[in-house]
């Protein structure tokens, strides 16, 4: 049973990201873009890897 769980975990870890840059944008993102408040979808972390900008996209916009 342990080997099967390890195999499933290994395969699930290699799955593609559920959020991609090709997915349609939400109405909120279009609204912010039209008002010049667009937040980038990705950022570069301290190791030089491109990551989703979840923190920036979930933060409250400036009025």
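In the UniProt record's numbering, the protein residues as written are 1 to 63. Just so it is clear, CB atoms sit at the ideal spot from N, CA and C, and this is done for glycine as well. Please read these numbers as outputs of a predicted model, since none were measured by experiment.
Less than 8 Å between the CB atoms is what I'm expecting for residue 30 and residue 61, so what's the real figure, rounded?
If you number the chain shown from 1, residue 30 lands on position 30. If you number the chain shown from 1, residue 61 lands on position 61. Their Cβ separation, rounded to whole angstroms, is 14 Å, which puts residue 30 and residue 61 out of contact at 8 Å.
Who are the near neighbours of residue 40 in its chain, counting only those whose CB is closer than 6 Å to its CB and skipping five residues on each side?
Numbered from its first residue, the chain shown carries residue 40 at position 40. Taken in chain order, the residues that qualify are 53.
May I ask you to report which of helix, strand or coil DSSP gives residue 51?
Your numbering for residue 51 matches position 51 in the chain shown. Residue 51: strand per DSSP, three-state reduction.
Considering only DSSP beta bridges, list what residue 39 is partnered with.
Against the chain shown, residue 39 aligns to sequence position 39. BP columns for residue 39 are empty, so no partner.
Please work out which residues of its chain come closer than 6 Å, Cβ to Cβ, to residue 49, disregarding the five sequence neighbours upstream and downstream, and give them in chain order.
Your numbering for residue 49 matches position 49 in the chain shown. Answer for residue 49: no residue qualifies.
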